[in-house]
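This is the structure we're talking about:
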């Protein structure tokens, strides 16, 4: 009798809990949402987040307000969201580095992927490999031949040690079987400027700068690191089609909530974000930056993050990359 009552009462409690979660999802959101961008205002991450939240606010019927919390390679913003209420009203607009490279480079971070509930991927950011205007090799085969004949003499500009483009440059070097001398700058702008000036030989760069400079003949994109050719650079082959299948890489932006956020709320947010990024209006705004809308479910995002973290973590260890 007691066991029967226990089972009956437990079943009632479970039904009430499920009903409560369902009701939460139905009424969510009933107030404004904060989207934490772990970078200062005005950068690419901030711009993409604002384009997303403008459309997302209209669809959800409540404002999604950007709050910039930059610093410590995104870890300040990430740590803040990890400790926020688990109700879906504080979200993180994360860059790939937050979860795929920071854990392998920064001993001081106080968060981990398990502190978050993946919500939705937003965009993929593809890269091109460029050489200076007067570089003696004008395609990948010639570049490889030249680099093999001149070991460690070809230099490659990066945005700083451990940056995404540093890792992508190392992926290029290892995939081609050559040695590149990485030259670290404090950001993308000075690295690009020295490539334009011919001070450095090569760099890996997002399409925002590559497309206009390549089209103007100021430097030359000789390959892209994407799986397929990019519409913004239709004349530039992929490394993969040239016989170097391991030279593939990109960065991305995605939305996360604190772990423990009710799954119905996560699912509602995921559906709303995926709806936005599939619209022609969103794609049109991303195209000039070279960003590609990239719909994913929360489970798919979680799998992708873990896979990339494992791949880049191994690269960081094998190449002995450290951050001073």
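Numbering (my numbering), first residue to last: 290 to 613. Built from N, CA and C at the ideal position, the CB exists for glycine as well. Remember, predicted model here, so these are calculated numbers, not experimental data.
Own chain residues within Cβ distance below 6 Å of residue i, not counting five before or after
| i | result |
| --- | --- |
| residue 454 | 447, 448, 493 |
| residue 608 | 459 |
| residue 380 | 324, 544, 546 |
| residue 540 | 385, 414, 453 |
| residue 354 | 321, 323 |
CB contact flag (residue i, residue j, <8 Å)
| i | j | result |
| --- | --- | --- |
| residue 242 | residue 429 | This structure gives no information on residue 242, because the portion of the chain shown stretches from 290 to 613. |
| residue 407 | residue 601 | no |
| residue 398 | residue 452 | no |
| residue 512 | residue 525 | yes |
| residue 497 | residue 579 | yes |
| residue 439 | residue 472 | no |
| residue 316 | residue 551 | no |
| residue 468 | residue 441 | yes |
| residue 388 | residue 594 | yes |
| residue 533 | residue 465 | yes |
| residue 605 | residue 450 | no |
| residue 584 | residue 573 | no |
Three-state class that DSSP yields for residue i in the structure shown
| i | result |
| --- | --- |
| residue 380 | strand |
| residue 611 | coil |
| residue 470 | strand |
| residue 308 | The predicted model places residue 308 with a pLDDT of 48, which falls under 50 and marks its position as unreliable; any figure quoted below should be read in that light. Here residue 308 sits in helix by DSSP. |
| residue 373 | coil |
| residue 499 | helix |
| residue 321 | coil |
| residue 510 | strand |
| residue 529 | coil |
| residue 570 | helix |
| residue 362 | coil |
| residue 584 | coil |
| residue 409 | strand |
| residue 328 | coil |
| residue 517 | coil |
| residue 505 | coil |
Same chain, Cβ closer than 8 Å to residue i, neighbours up to 5 away in sequence not counted
| i | result |
| --- | --- |
| residue 404 | 371, 547, 548 |
| residue 619 | It is not possible to answer for residue 619, since the shown part of the chain is limited to 290 through 613. |
| residue 587 | 406, 407, 408, 409, 555, 556, 559 |
| residue 570 | 344 |
| residue 318 | 349, 350, 351, 377, 378 |
| residue 329 | 335, 357, 359 |
| residue 634 | In the structure as shown, the chain starts at 290 and stops at 613, and residue 634 therefore has no counterpart that could be examined. |
Cβ separation of residue i and residue j, assumed to be a contact under 8 Å, to the nearest whole Å
| i | j | result |
| --- | --- | --- |
| residue 325 | residue 356 | 5 Å |
| residue 581 | residue 340 | Not quite, the Cβ-Cβ distance comes to about 14 Å (not below 8 Å), so this is no contact. |
| residue 536 | residue 519 | That pair is no contact at about 15 Å. |
| residue 456 | residue 390 | 7 Å |
| residue 443 | residue 490 | 5 Å |
| residue 542 | residue 383 | 7 Å |
Residue i: first and last residue of the uninterrupted alpha helix (DSSP H) it sits in
| i | result |
| --- | --- |
| residue 599 | 587-607 |
| residue 557 | 552-566 |
| residue 429 | 429-438 |
| residue 453 | 453-465 |
Extent of the continuous beta strand (DSSP E) to which residue i belongs
| i | result |
| --- | --- |
| residue 578 | Element bounds for residue 578: n/a, residue is neither H nor E. |
| residue 251 | The displayed coordinates of the chain run from 290 to 613. Any statement about residue 251 would go beyond what the structure contains. |
| residue 391 | Premise fails: residue 391 lies in the alpha helix (DSSP H), 391-394, not in any beta strand (DSSP E). |
| residue 343 | First-last for residue 343: 333-349, but that is the alpha helix (DSSP H), not the beta strand (DSSP E). |
| residue 356 | 353-357 |
| residue 480 | Run containing residue 480: none in the beta strand (DSSP E); it sits in the alpha helix (DSSP H), 477-485. |
| residue 540 | 539-547 |
| residue 426 | Premise fails: residue 426 is in no beta strand (DSSP E) and is neither H nor E. |
Close beta carbons around residue i, own chain, < 7 Å, minus the five adjacent residues each side
| i | result |
| --- | --- |
| residue 308 | Any reading at residue 308 must be qualified, since the residue scores a pLDDT of 48, below 50, and its modelled position is unreliable; the value itself is stated next. Once the five neighbours on either side are set aside, residue 308 has no close Cβ partner at all. |
| residue 531 | 429, 512 |
| residue 521 | 496, 500, 579 |
| residue 373 | 379, 547 |
| residue 432 | 420, 426, 511 |
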